[in-house]
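A quick write-up on the structure given underneath.
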Ligand code: SF4
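In our numbering, the protein residues as written are -1 to 420.
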């Protein structure tokens, strides 16, 4: 099968081949150690050119972000060229298009199973009729961002940091997007970010030390446009810390070029929060992109959304968080899915999220365990939700249980100051 070299501009570009990893059975046969449990989709794979194998795409085109964006799957015909759709999906594509647009990059599309509507990748990006169902608990703006916007496009909800919505476009669209009211440009609201007014607000508000660029996806901008924003922010002395929230390293790893990374590295401290939900999303191309960002000194964290039928399974999450560490990404947050309109088919229960954290904590590397949070509906901010490890607490002691269920007592300090007889 034809393979593509990712990131042609790297002098040390590696050639990744499909299925180059040893089979699980050969590893088990050759090992004298007790076999570790096999986790789902733990290997890094390239799926290129996949569905495009008969299209004779040139390697340099496949590896170009522009080609990937131009060839996104955006129509029912485009989906049906490769996938057998269920009735729910077909109706979803036809009826949900005025809420959130559909777009899937060829790179990400290749991860979708052709016939299984329950494929965890498919559930994230292919619309379903359930998106048109109305649940009275759901909201257009579940995090209350619009009511905390002093300037169009700038959300100031926490004391020392702001969310700067710089665009409403993404490389592909997630069906559970918290900002589906504005993202993709087809919903009821439009985003009209006032950049100059936002910069002036930030210059005046000396309490703001942390700016998160999001949207939409800021990495869709050209290098020069993005650099213009970063340069302007860096000229504000009290802004200590800049973050970019992006799903582009996952949807469009071809965008993470050496030139982009060199430009970003001029604006340190600059951190990036990526967004991935399922271990299959961590392909060889994505790993190269994430490593390139890390090699340019950009600390990486991951935000996942707990989604029914995608990652509401401890083994799947364990595989994801372990793969993230291998890509030098620290799992940061696991979000309870916000109460977005038309998301009830994708929302898992809070107790499922707690259960997953319980099955990670102590059972794998501490760095791999994200913080499970609920973004309090209506704008209350992120609230951590944890398994209950403290069984009893009084002035003398704390009774705790560990990850194996064993109970321990920790005595509180009984320090009394010594009275010196002088
Ligand atoms: S990448 Fe982020 S902003 Fe864009 S659709 Fe997905 S969740 Fe929404």
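C-beta: ideal position from N, C-alpha, C; glycine also. Since this is a predicted model, take the numbers as computed values, not measurements.
Decide yes or no for the touch test of the segment 361 to 371 against the segment 125 to 137: beta carbon pairs closer than 8 Å, at least 3 of them.
Between the segment 361 to 371 and the segment 125 to 137, the count of C-beta pairs closer than 8 Å stays below three; the two stretches do not touch.
State the beta-bridge partners of residue 300 as determined by DSSP.
272, 329
Between residue 176 and ligand 1, is there a pair consisting of the residue's CB and a ligand heavy atom that are separated by less than 8 Å?
yes
Given a threshold of 16 other Cβ atoms within 10 Å of its Cβ, counted over all protein chains shown, does residue 85 qualify as buried or as exposed?
exposed
So if DSSP puts residue 162 in a beta bridge, which residue, or which two residues, is it bridged to?
152, 211
Between residue 140 and residue 376, is the Cβ-Cβ spacing less than 9 Å?
In this structure, residue 140 lies near residue 376, with their beta-carbon atoms less than 9 Å apart.
Can you tell which of 205, 199, 193, 236 has its C-alpha closest to the C-alpha of residue 224?
193
Under the three-state reduction of DSSP, which class applies to residue 339: helix, strand or coil?
Here residue 339 sits in coil by DSSP.
By the three-class DSSP mapping on this structure, what secondary structure does residue 110 have?
coil
Counting only the same chain and skipping the five closest in sequence on each side, list residues whose C-beta sits under 7 Å from that of residue 130.
93, 94, 340
Does residue 390 come out as helix, strand or coil in the three-state DSSP assignment?
strand
Assess contact between the segment 142 to 149 and the segment 60 to 68, defined as three or more Cβ pairs (one per stretch) separated by less than 8 Å. Is contact present?
no
Where residue 42 and residue 406 are concerned, what is the direct C-alpha to C-alpha distance, given to the nearest angstrom?
40 Å
Please tell me whether residue 331 and residue 360 are closer than 9 Å, where the distance is taken between their beta carbons.
no
Pick helix, strand or coil for residue 76, following the three-state DSSP scheme.
helix
Near residue 72, what residues of its chain come up, given a Cβ to Cβ distance below 7 Å and the 5 sequence neighbours on each side ignored?
Result list for residue 72: 100, 101, in chain order.
Taking only the alpha-carbon atoms, compute the straight-line gap between residue 156 and residue 305 and give it to the nearest angstrom.
26 Å
Near residue 273, which residues of its chain fall below 6 Å by C-beta distance, leaving aside the five closest residues on each side in sequence?
245, 301
What is the DSSP secondary structure of residue 13, reduced to helix, strand or coil?
Legend: pLDDT at residue 13 = 32, less than 50; position of this residue unreliable, value from coordinates given subsequently. The answer is strand: DSSP assigns residue 13 an E or B state.
Check for me: the alpha helix (DSSP H) holding residue 196 runs from which residue to which?
193 to 202
Between residue 164 and ligand 1, is the CB less than 8 Å from at least one heavy atom?
no
Run the proximity test for residue 245: is its beta-carbon closer than 8 Å to any non-hydrogen atom belonging to ligand 1?
yes
Taking 8 Å as the cut-off, is the CB of residue 168 close to at least one heavy atom of ligand 1?
yes
Is residue 44 near ligand 1, in the sense that its beta carbon is under 8 Å from a heavy atom of that ligand?
no
Secondary structure at residue 171, three-state DSSP: helix, strand or coil?
coil
Taking the straight line between their C-alpha atoms, what separation do you get for residue 105 and residue 254?
14 Å
Around the Cβ of residue 413, are there at least 16 other Cβ atoms within 10 angstroms (buried) or fewer (exposed)?
exposed
Take residue 169 as the anchor and find which of 162, 182, 178, 161 has the nearest alpha-carbon.
Per the Cα distances, 182.
Might you give, ordered along the chain, the residues of its own chain that have their beta carbon closer than 8 Å to the beta carbon of residue 40, omitting 5 neighbours on each side?
277, 317, 320, 321
Where do the ends of the beta strand (DSSP E) carrying residue 374 lie?
It spans 369 to 374 - the beta strand (DSSP E) in which residue 374 sits, taken as one unbroken run.
In whole angstroms, what separates the C-alpha of residue 113 from that of residue 36?
For residue 113 and residue 36, the distance between alpha carbons rounds to 25 Å.
Please say whether residue 110 and residue 74 have beta carbons closer to each other than 9 Å?
Going by C-beta atoms, residue 74 is not nearer than 9 Å to residue 110.
Taking residue 312 as the reference, which of 248, 385, 50, 358 has the closest Cα?
Distance check between residue 312 and each of 248, 385, 50, 358 places 358 closest, using alpha-carbon atoms only.
Residues in its own chain within less than 6 Å of residue 19 by CB, not counting five upstream and five downstream?
Residue placement at residue 19 is poorly supported in this model, since its pLDDT is 32, which falls under 50; the coordinates still yield a value, given next. Closer than 6 Å at the Cβ level, and outside the excluded window around residue 19, lie 41.
For residue 238, name the three-state secondary structure that DSSP assigns.
coil
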